[in-house]
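Asks: Residue numbers (our numbering): 78 to 186.
Ideal placement from N, C-alpha and C gives every residue a C-beta, glycine not left out.
All figures in this text were calculated on a predicted structure; none of them were measured in a lab.
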């Protein structure tokens, strides 16, 4: 896995390196695990516009999280990672794993 070298924009960044997930990063998310985040368009429960200038635009997609922590496979008991995705709605990175034929997302560190 290649090493990512950061530009020295501050004293703390100088000489800083990290992992680059270019090899396993997918360009598109797993469609079976995505669902659209529904917007309300500035309307309340009666459908009346309560906040102006809201609405329209493309709906962002959120990835459904995988199984709960106690349902996850033990360390080393799953197939290799299918890919790493960047979560749009949150500032996190998720790894797609396959366990017993089911694709699940877990938070990647």
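1. In angstroms with no decimal places, state the Cα-to-Cα distance between residue 121 and residue 127.
2. I'd like the list of long-range same chain contacts for residue 107, defined as Cβ closer than 7 Å, with 5 residues on each side in sequence excluded.
3. Going by DSSP in three states, residue 184 sits in which element: helix, strand or coil?
4. Among 124, 140, 125 and 115, which one has its Cα closest to the Cα of residue 134?
5. With respect to the beta strand (DSSP E) encompassing residue 140, which residues constitute its N-terminal and C-terminal limits?
6. What residues in its chain sit with their C-beta under 8 Å from that of residue 84, if we drop five residues either side in the sequence?
7. Under the DSSP definition of a beta bridge, which residues are partnered with residue 177?
8. Under the three-state reduction of DSSP, which class applies to residue 120: helix, strand or coil?
Replies: The answer reads as follows:
1. For the pair residue 121 and residue 127, the Cα-to-Cα distance works out to about 7 Å.
2. Same-chain partners within the cutoff: 173 and 180.
3. Secondary structure at residue 184: strand, using DSSP grouped into helix, strand and coil.
4. Of the listed residues, the one whose Cα sits closest to residue 134 is 115.
5. Residue 140: member of the beta strand (DSSP E) spanning 138-140, first to last residue.
6. Within the same chain, residue 84 has close Cβ partners 90.
7. Its beta-bridge partners do not exist; DSSP assigns none.
8. Strand at residue 120.
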